[in-house]
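Some notes on the structure that comes next.
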Amino acid sequence: MAFVIDRIPCDGSPRLGSMVLEPTRESVPRARHWFRKLIDPYRPACSVDDCVLLISELVTNAILYGRSDEEGAVRVEWFREGPSLRVEVHNPGLPANVSLRHPDTDDAHGRGLLLVDAIATSWNCGPSRFGGTVVSFELADAWPSCGTA
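For the sequence shown, the UniProt record's numbering begins at 1 and goes up steadily by one.
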């Protein structure tokens, strides 16, 4: 697994960090752990627990529904855009595979994007610049302004 942390989020690049994960179930707790650790120095005002929950759901979906060969890395990137935090989860699956489901109360699966829809300020999906699919979410008011860290 590789990690990158941008040192100065407001100068030049809005990316705060990224992870490249193997498409295995073990990557879900790793994504939660490392996001929490890597976002902490930036001290976001939004709920890190909410971010971790949403990342967990999207990484799980990427692993379950993305291409499952060894080359199918899952990428997680997070960005500071003014007062907002945007998180992207890239997987090697097809964009047509992403949809908001409305499962029955006794269904064991199908609530991940419902959680994203309920908690995030906004979310989006489409083709990834790495190939496959990207699902992203945004949390508004993660920072009061770009000038404070």
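Just so it is clear, CB atoms sit at the ideal spot from N, CA and C, and this is done for glycine as well. These numbers come from a predicted model, not from an experiment.
Quick one: Cα of residue i to Cα of residue j, how far?
i	j	result
Leu53	Arg36	11 Å
Ala31	Leu113	17 Å
Gly131	Leu58	17 Å
Ala140	Val87	12 Å
Glu138	Thr24	25 Å
Val135	Arg15	16 Å
Asp117	Cys125	12 Å
Mind checking residue i: buried by the 16 CB within 10 Å criterion, or exposed?
i	result
Ser13	exposed
Arg80	buried
Pro92	buried
Ala62	buried
Ser47	exposed
Ser128	buried
His33	exposed
Am I right that residue i and residue j are in contact with their C-beta atoms under 8 Å? What's the rounded C-beta distance?
i	j	result
Ile119	Asp49	No, Ile119 and Asp49 are not in contact; Cβ-Cβ is about 10 Å, not under 8 Å.
Against chain C, does residue i count as a neighbour if the rule is that its beta carbon must be under 8 Å from one of theirs?
i	result
Val89	Here there is only one protein chain, and chain C is not present.
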